[in-house]
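Participant: Got a structure here, written out as structure tokens. Questions coming.
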Amino acid sequence: MTGATEVNRGSYVALLGLDGSGKSTIARGLTERLAARGHRPRLLRWRDIADQGDRTDFPYLSLRQLLMEGWRTRYGGATDAASLRVQHGPLVFEDFKRAGLDRGPASPADIHSSGVMASAVLEFTAELLIHAEILGGYLSNGETVVAESFGYKNIMKALRVAKDIPRGDVSPDFIARTSEFIADAYSSRFLQPDVGVLLKVAPEECHRRITTRRSGVGALEDLGFAGRAGRSSFIELQGALLAEYEQMAAGWGWHLVDLTDASAEEALDAVADVVMADLSSARSTADLRS
Numbered sequence: 000m001t002g003a004t005e006v007n008r009g010s011y012v013a014l015l016g017l018d019g020s021g022k023s024t025i026a027r028g029l030t031e032r033l034a035a036r037g038h039r040p041r042l043l044r045w046r047d048i049a050d051q052g053d054r055t056d057f058p059y060l061s062l063r064q065l066l067m068e069g070w071r072t073r074y075g076g077a078t079d080a081a082s083l084r085v086q087h088g089p090l091v092f093e094d095f096k097r098a099g100l101d102r103g104p105a106s107p108a109d110i111h112s113s114g115v116m117a118s119a120v121l122e123f124t125a126e127l128l129i130h131a132e133i134l135g136g137y138l139s140n141g142e143t144v145v146a147e148s149f150g151y152k153n154i155m156k157a158l159r160v161a162k163d164i165p166r167g168d169v170s171p172d173f174i175a176r177t178s179e180f181i182a183d184a185y186s187s188r189f190l191q192p193d194v195g196v197l198l199k200v201a202p203e204e205c206h207r208r209i210t211t212r213r214s215g216v217g218a219l220e221d222l223g224f225a226g227r228a229g230r231s232s233f234i235e236l237q238g239a240l241l242a243e244y245e246q247m248a249a250g251w252g253w254h255l256v257d258l259t260d261a262s263a264e265e266a267l268d269a270v271a272d273v274v275m276a277d278l279s280s281a282r283s284t285a286d287l288r289s
């Protein structure tokens, strides 16, 4: 690789945090600050990729189908309160999009752990395509890509919920082996960002923020899929995830920024400071090499 190629390559910044930790707000604010500092920022979100309905070339059509089927398989075999089968989402993606990409009920009955696991594996497949076919292009174009949520988060959350689902259609050993595979895959250079930031916010505070904004938590944000919905199950699930994220982030060499008592502006300031410092250091190193 020549020095000029290294200088022109962009950077990949990823945020990881619990549901309700402020990732989306911080990611949007961070892109604005990056632009003000002369970077060419690109906010990377699932929804934006799905919105590119005019793109039927690879991998866009495949990604839209994976998105829809990931949400559908999550509800495989489930019933609602009236014991009716949950047929989640239309069969055609455009109808699914017009419905607002509805994520479905938070506490369905008779969920199959195989369906939840399948949704996690489909999301991992989509992540592979995004990194290889979309993210790589942005970086080659010299853009600074900000992923509002590192893909590891949702996949591991689904796998953790799957092991608590009473219906034993998938063995705990298989779920554990799948979790180990995902953890190992996300530790590879291929999926790791140039700058990773773990947003540490207490589960109790995350629950307060979510329930202040809307009537309740969403699908897979608590253990409603395992028949244990409510604040205590949210804190149980999210607390276990936070401990796991901290362990993984430490092994990856990520920044950990404690935002539990921070205001929205203070949170953005703290994250922007560590990201800007890393990007400045990387740019200086690239300048020296060139």
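Taking numbering that gives the first Met the number 0, the leading residue of the sequence shown gets 0, the next gets one more, and so forth. For every residue, glycine included, the Cβ atom is placed at its ideal position computed from N, Cα and C.
(1) Can Ile174 be considered in contact with the ligand GTP, in the sense that its beta carbon sits closer than 7 Å to one or more heavy atoms?
(2) So, is Ser118 buried or exposed, given that buried needs 16 or more other C-beta atoms within 10 angstroms?
(3) Pick out whichever of Leu240, Lys152 and Arg41 has its Cα sitting closest to the Cα of Val144.
(4) Identify the continuous alpha helix (DSSP H) that holds Asp257 and give its terminal residues.
(5) From Met275 to Asp268, what does the alpha carbon distance come to, in whole angstroms?
(6) Between the segment 129–146 and the segment 4–24, do at least 3 Cβ pairs fall closer than 8 Å?
(7) Alpha carbon to alpha carbon, what distance is there between Ser178 and Arg159?
(8) First and last residue of the beta strand (DSSP E) that includes Tyr11?
(9) Going by C-alpha to C-alpha distance, which of Ala263, Ser262, Leu255 and Ser112 sits closest to Val273?
(10) Could you please give the first and the last residue of the uninterrupted alpha helix (DSSP H) stretch that includes Thr177?
(11) Rounding to the nearest angstrom, what Cα-Cα distance links Lys156 and Gly141 in this structure?
(12) Between which residues of its own chain and Ala49 is the CB-CB distance below 6 Å, once the five residues before and five after are set aside?
(13) Could you tell me whether the segment 203–210 touches the segment 12–28, where touching means 3 or more Cβ pairs closer than 8 Å?
(14) Quick check: what's the CA-CA separation for Ser112 versus Arg230?
(15) Run through the DSSP bridge pairs and tell me what Thr24 is partnered with.
(16) Can you tell me the Cβ-Cβ gap for Ala218 and Pro165, rounded? I've got them flagged as a contact below 8 Å.
(17) When burial is assigned at 16 or more other CB atoms within 10 Å of the CB, is Glu122 buried or exposed?
(18) When DSSP labels each residue in this structure, what does Lys156 get in the three-state scheme?
(19) By a C-beta neighbour count over all protein chains shown, 10 Å radius and 16 as the cutoff for buried, is Glu220 buried or exposed?
(20) When the Cα of Ala271 is compared with those of Ile234, Met247, Leu138 and Leu197, which residue comes out closest?
(21) Label Arg73 either buried or exposed according to how many other C-beta atoms from any shown protein chain fall within 10 Å of its C-beta, with 16 as the threshold for buried.
(22) I'd like the ranges of any alpha helix (DSSP H) spanning at least 4 consecutive residues and lying wholly in the segment 121–154.
(23) Between the Cα of Gly28 and those of Ala266, Leu278 and Ala201, spot the shortest distance and give me the residue it belongs to.
(24) Please confirm whether Val200 and Ser20 have their CB atoms less than 8 Å apart.
(25) Please report how far the alpha carbon of Pro192 lies from the alpha carbon of Ile110, in whole angstroms.
(26) Check the DSSP bridge columns for Ala108 and list the partner residues they point to.
(27) With a 10 Å radius around its C-beta and 16 neighbouring C-beta atoms as the bar for buried, classify Gly167 as buried or exposed.
Facilitator: This is what the structure holds:
(1) You won't find the ligand GTP in this model; it holds no ligand whatsoever.
(2) Within the sequence shown, numbered from 1, the residue matching residue 118 stands at position 119. It counts as buried.
(3) On the sequence shown, residue 144 is found 145 positions in, with the first residue counted as 1. When only C-alpha atoms are compared, the closest one is Arg41.
(4) By one-based count along the sequence shown, residue 257 stands at place 258. Run containing Asp257: none in the alpha helix (DSSP H); it sits in the beta strand (DSSP E), His254 to Asp257.
(5) Position 276 of the sequence shown, counting from 1, holds the residue named residue 275. Position 269 of the sequence shown, counting from 1, holds the residue named residue 268. The straight-line gap from Cα to Cα measures roughly 10 Å.
(6) yes
(7) Position 160 of the sequence shown, counted from the first residue, corresponds to residue 159. Position 179 of the sequence shown, counted from the first residue, corresponds to residue 178. If you take the alpha carbons of Arg159 and Ser178, they lie about 8 Å apart.
(8) Here residue 11 refers to the residue found at position 12 when the sequence shown is read from its first residue. From DSSP, the beta strand (DSSP E) with Tyr11 extends over Ser10 to Gly16.
(9) In the sequence shown, counting from the first residue as 1, residue 273 sits at position 274. Nearest option by C-alpha distance: Leu255.
(10) Indexing the sequence shown from 1 puts residue 177 at position 178. Here the alpha helix (DSSP H) through Thr177 covers Pro171 to Tyr185.
(11) For the purposes of this step, residue 156 is identified with residue 157 of the sequence shown, where counting begins at 1. For the purposes of this step, residue 141 is identified with residue 142 of the sequence shown, where counting begins at 1. If you take the alpha carbons of Lys156 and Gly141, they lie about 32 Å apart.
(12) Walking along the sequence shown from the start, residue 49 turns up at place 50. Arg63 and Leu66.
(13) yes
(14) Here the question's residue 112 lines up with position 113 in the sequence shown. Here the question's residue 230 lines up with position 231 in the sequence shown. Each residue's alpha carbon lies about 22 Å from the other.
(15) As a first step, residue 24 is located in the sequence shown; it is residue number 25 there, counting from the start. Beta-bridge pairing links Thr24 to no other residue.
(16) Reading the sequence shown from its first residue, position 219 is the one you call residue 218. Reading the sequence shown from its first residue, position 166 is the one you call residue 165. At roughly 17 Å, the Cβ-Cβ gap does not stay under 8 Å, so Ala218 and Pro165 are not in contact.
(17) Here residue 122 refers to the residue found at position 123 when the sequence shown is read from its first residue. The residue is buried, with at least 16 neighbouring Cβ atoms inside 10 Å.
(18) Taking the sequence shown and counting its residues from 1, the one referred to as residue 156 is at position 157. If DSSP states are grouped into helix, strand and coil, Lys156 belongs with the helices.
(19) Along the sequence shown, read from residue 1 onward, the residue named residue 220 stands at position 221. Buried, since its Cβ has 16 or more Cβ neighbours within 10 Å.
(20) Here the question's residue 271 lines up with position 272 in the sequence shown. Checking every option, the nearest Cα to that of Ala271 belongs to Leu197.
(21) Locating residue 73 in the sequence shown gives position 74, counting from the first residue. Classification of Arg73: buried, given that the 10 Å Cβ count is 16 or more.
(22) 135–139
(23) Looking up residue 28 in the sequence shown gives position 29. With distances taken between Cα atoms, Gly28 lies closest to Ala266.
(24) Here residue 200 corresponds to residue number 201 of the sequence shown, with the count starting at 1. Here residue 20 corresponds to residue number 21 of the sequence shown, with the count starting at 1. Yes.
(25) Counted from its first residue, the sequence shown places residue 192 at position 193. Counted from its first residue, the sequence shown places residue 110 at position 111. Each residue's alpha carbon lies about 34 Å from the other.
(26) Translated into positions along the sequence shown, residue 108 becomes position 109. For Ala108, which the question treats as bridged, DSSP gives the partners Thr78.
(27) Indexing the sequence shown from 1 puts residue 167 at position 168. When all chains shown are included, Gly167 counts as exposed.
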